[in-house]
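Asker: Let me give you the structure first, and then I'll get to my questions.
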Amino acid sequence: MNLFILRHASAGTRRVNPLLDKKRPLDKEGKQYCLQLAQVLQSVKIQFDVILSSPLKRALQTAQLVGTESGYDAPVLLSDALAPSGTVEGFHKLVQEIQVHENVLVVGHSPNIEAFLASMLVPNNSTSGRFRLRKGSLARISMQRGSNILTWMLDPRIVRALYATSTKSSRRKTSRK
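Reminder that position 69 of the sequence shown reads as 226 in my numbering, one-by-one numbering, no gaps.
The following block contains the structure:
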């Protein structure tokens, strides 16, 4: 199984009131970034079999935009295991449930999404494994026969550079004289 771990895209300033913060949507930059990420994923022929998201609005919007624009046509599934209050144990239980799928995208929040990533790669819950995922960062873990390998990780700067490269015309420019 290939597990894709995505931190939600930019959603502006955090709200002081937790109830309002749960409903905080992606900002314009976050929405545009999701479209760029989806284009990059499409250009390398990545198709998701299932997408799971935190129930918070900004994560769900990220999952829906990336999914829709990359050709995913099933509903995005919500999981409290991916919410800010989610635990590493809950995340591992979720991963066990979805292992029947080939390519799975999960979308969540910092700092727990970073802890989830570390827990998949560092044995015995060691605290020595730390990862920093900027908003919109995507990691791909290959899970085969009990070993998990980080095959690549894209941060927003890399995604934007890949997007710019993938949208340039491959035709040679010629003068029309």
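Virtual Cβ for every residue (Gly too), placed ideally from N, Cα, C. Just so we're clear, the structure is a prediction, and the values are computed from it rather than from any experiment.
(1) Just tell me which of Gln-199, Asp-206, Ser-167 has its CA closest to the CA of Thr-324.
(2) Check each candidate in Glu-271, Met-277, Ile-270, His-266 and name the one with the smallest Cα separation from Gln-253.
(3) Where in the region 173 to 217 do unbroken runs of the alpha helix (DSSP H), each at least 4 residues long, occur, reported from the N-terminal end onward?
(4) How far does the beta strand (DSSP E) with Gly-265 in it extend, from its first residue to its last?
(5) With H, G and I counted as helix, E and B as strand and the rest as coil, what does DSSP make of His-165?
(6) Express the C-alpha separation of Gly-303 and Gln-221 in angstroms, rounding to a whole number.
(7) Should Lys-250 and Ala-238 be called a contact, given that it needs their Cβ atoms to be closer than 8 Å?
(8) Is it buried or exposed, His-165, if we count other Cβ atoms within 10 angstroms and call 16 or more buried?
(9) How big is the Cα-Cα spacing for Phe-205 and Val-233?
(10) Going along the chain, which residues of its own chain have a beta-carbon closer than 6 Å to the beta-carbon of His-258, five neighbours each way excluded?
(11) From the DSSP secondary-structure annotation, give me the bridge partner or partners of Gln-301.
Answerer: Working from what's here:
(1) Gln-199
(2) Met-277
(3) 175 to 179, 185 to 200
(4) 260 to 265
(5) coil
(6) 30 Å
(7) yes
(8) buried
(9) 11 Å
(10) Asp-206, Val-207
(11) Ser-304
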